[in-house]
Structures are given as C-alpha cells and as structure tokens.
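Structure first, commentary second.
Residue numbers (our numbering), protein chains in the order written: chain A, 11 to 195; chain B, -4 to 199.
Below, the structure is given as structure tokens:
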C-alpha cells in the first residue's frame, strides 16, 4: 500500500483514494469517453468508470486506436481520456507526432507507471526509460504523480490546461501514488 | 457472399478510387462527416471537392476508422463515413472488433483495396494474395460487410448503410492508380475547419 494511502487511515473523514480522485477529475471536467488498454494498477479505476453511466468506456486493441478514437470524438465535441500503462505509451510516438501534436488535440492520458521502484521485469524497466524522452522530444506537458495530497490539483488543473490550450498532457501514475505492481510469484 | 479467399476468383469489378469517392461525395446532402485515411485515400477525397465536414489524415496510418468511430460516438445523429486503404486497415485490424462491439449505426466504413502500397512504389501488401478483408471484417463481428460488385452496387450499399441497424463495411476493389489531387498539408487548419463543419466551433 502506498504511504499516502496509509496516512489517510488516521484522518477522521476518509480521504479519497487516487482512483476516486481520477474519476472525479474526469467527471468534473466533462470527460465522458474513456477507452483504455488495461493494466493491473488501473483495475479499480476501470471498474468504477464502467459502473458509472456518465462514462462511455471500453477496451481497445491498441493504445493508438484509443488515441484515434478520442481525437475524433474531441473534434466532434465530446471530451475523452485514454488509460494505459507504460509499455502502451511506448507504442504511441507516431500518432503523437503525426496527429495529436501537429493538429493541436488536447489528448489526456493517464499512464500507470511500470518499470521503476520495484519492477521485476527487465524489459518493462527499459520500456519505462523511453517514456519521458519521447514526451520531452515533442515538448509535451507531463507530470509524474507521486502524492495523493497533490493528485487532485495536478489532475484537475492539467485536464483544464490541456483543453484550454489545446495541447496534450500525460499524467504518469507513479508507484508512489498507486502502490505499483510487485513481484508476487 | 464473401467467403472466397482466392482474390482472383472474386466476382467484383476493379474500380477506381477517385471515381468511387466522387460517387460517394455526390450523395452527401446532410453534412455527413467523412474521414479520409492517409495517402491516396484522402488525396482523392480532397480532389472530389473539399467539404467542411471532411477530415484528411496526414499521418498515423491505420487510424482512419478509429477517428471515424470517435466522431460517430460523439455525434450519433450525424452519418459518418470512414475511408481507408487496405494497407492502412492491416495496421489496425483490432479496430474492426472495437467498432463491432460498440456498434454505432451511423458509421459506414469503406475499404479501398488494391492489394498494394501504391504511394510507396506499388509493393504488394502481405495480405494481397491470401486474405479477404471483407471476410476478416465479418469474422471481426461486422456482420454487415460486403464487397461492392461494381459502381452501382457500391452506391446501393452506401444507400443501404444509411438505414442499417449497425455499422456497415463496404469493400471496394480498386486499380493501382495514384490519387488525382494532393491535400493541402496544414493540420491545424484541417482540424479547425472540420470542427467548424461539425458545428463544434464558431469561426473567429
């Protein structure tokens, strides 16, 4: 369990978990369309989004497919966000560079960060190292979310900035926030 | 029937992309959205006469149908056409199942199949000699998929798709000719014009 989540136990009224914060940030900003390629860390968020009729949410076969879908939907007046894990982001350089950035599309991505702080698969850790260089090479806004007490501010403000500036944003969900995935067999 | 895997045995006429695209555009009277896939597919859409409801792809090969799906989900009252080449579709075949699952009835998918990467030197695709794209679409869950036998049949299938209870895919065998125009490569203007055309934006 993440340190931030443990701390919440002591509070008189229960503090929201990171996935509740993420869901409410989406809702507050009228982000209704949420295609995803799943990750273990995203399981609860995906389940609660499915359970809420506010959202249109479904799995796609590839992450770039999801990016295409939310790009089309945004051009037609419906806001969306894509959920994925680090290795999924690694498949996106082409669509970011040839569609999202040059067309000024406010793509909102929630990326559960694999490959660091206790990774057990060497390939995942190498994939992780490609993520920020790709984001930086396109001068894309990105934040690594590590603390629950900052997460609502980062998520809500970043979504608003993406929409108003018509620029993409990547919210990287660190194991420090989510607890990550640990070696279990 | 679309079960024949042997392409040479298909009882379908080899048509021309620009001609077929022009026939489609001539039918559009209700501000239908049209997404033109990368390369010759959107060049011929451009050449058929620019409309504000056209979106032209300048990259991201294979994302024509996913973009069209997004438009169809956002505006269920508007008819949306996705135009893709066979090579593009081969890059993103999973999207056929996504579309079949969501089943938007306002979406018509058109595949221009010449079996080659025309724009890069007419090399055959890996699927050219062995695969049947309409059969793949059916197997992906898009039961309302068919090859157009000829131009008249294409127009009939387009008309039929307007009243269909789910998404439609139309396969069109085309020749090896390049596109007859070239889209102006201005991504921001293409995107903004499209949004104006869809009624999402007002001009400054």
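Glycine included, C-beta positions come from ideal geometry on N, C-alpha and C.
Residue 144 of chain A has a beta carbon lying at 8 Å or more from every beta carbon in chain B.
DSSP places residue 50 of chain A within a helical segment (H, G or I) once states are collapsed to three.
Within chain B, 182, 183, 186 and 187 have C-beta atoms less than 9 Å from the C-beta of residue 114 of chain A, given in sequence order.
Among the residues facing chain B, residue 86 of chain A is included, as its CB has a counterpart in that chain under 8 Å away. Of the candidates A/134, A/72, A/169 and A/184, the residue whose Cα lies closest to the Cα of residue 46 of chain A is A/72. The Cβ-Cβ distance between residue 79 of chain A and residue 65 of chain B falls below 8 Å.
Chain B has a Cβ within less than 8 Å of the Cβ of residue 82 of chain A. Here the C-alpha atom of residue 29 of chain A lies approximately 9 Å from the C-alpha atom of residue 188 of chain A.
Nearest CB-CB separation between residue 29 of chain B and chain A: not below the 8 Å threshold.
Contact between residue 50 of chain B and residue 88 of chain A is absent: CB atoms are separated by about 15 Å, not below the 8 Å threshold. Excluding its 5 nearest sequence neighbours in each direction, residue 18 of chain B has C-beta neighbours in its own chain below 7 Å: 146, 149 and 150, listed in chain order. In the DSSP assignment, residue 168 of chain B falls within the unbroken beta strand (DSSP E) covering 163 to 168. Residue contact check for residue 99 of chain B against chain A: no CB pair falls below 8 Å. Residue 61 of chain B has a beta carbon lying within less than 8 Å of a beta carbon in chain A.
Counted as a single uninterrupted DSSP element, the alpha helix (DSSP H) harbouring residue 173 of chain A occupies residues 158 to 175. Pairwise C-beta distances place the region 164 to 171 of chain A in contact with the region 140 to 155 of chain A, as three or more of them are shorter than 8 Å. A contact between stretches requires three or more CB pairs, one per stretch, nearer than 8 Å, and the region 27 to 41 of chain B fails this requirement with the region 33 to 49 of chain A.
DSSP places residue 104 of chain A within a helical segment (H, G or I) once states are collapsed to three. Residue pairing for residue 35 of chain B: DSSP places it in no beta bridge. Our two residues, residue 161 of chain B and residue 78 of chain B, have alpha carbons roughly 17 Å apart in a direct line. Only those residues of the region 42 to 69 of chain B whose C-beta falls short of 9 Å from the nearest C-beta of chain A are listed: 50, 52, 53, 54, 55, 56, 57, 58, 59, 60, 61, 62, 63, 64, 65, 66, 67, 68 and 69. In this structure, residue 106 of chain B keeps its C-beta atom at 8 Å or more from the C-beta atom of residue 175 of chain B. When secondary structure is reduced to three states using DSSP, residue 106 of chain B falls in the strand class.
Between the beta-carbon of residue 34 of chain A and that of residue 96 of chain A there is about 24 Å, and that puts the pair past the 8 Å contact cut. For the beta strand (DSSP E) assignment, the uninterrupted runs of no fewer than 3 residues enclosed by the region 70 to 151 of chain A are, from N- to C-terminal side, 92 to 95 and 118 to 122. Put simply, the backbone Cα of residue 52 of chain B is about 7 Å away from that of residue 37 of chain B. DSSP, read as helix, strand or coil, puts residue 27 of chain A in coil. In the DSSP assignment, residue 17 of chain B falls within the alpha helix (DSSP H) that extends over 12 to 22. Within chain A, no C-beta atom comes less than 7 Å from the C-beta of residue 106 of chain B; the nearest is roughly 16 Å away. Following the DSSP letters along the chain, one finds residue 80 of chain B inside the beta strand (DSSP E) bounded by residues 75 to 80. When 8 Å is used as the limit between beta carbons, residue 66 of chain A is near these residues of chain B: 68, in chain order.
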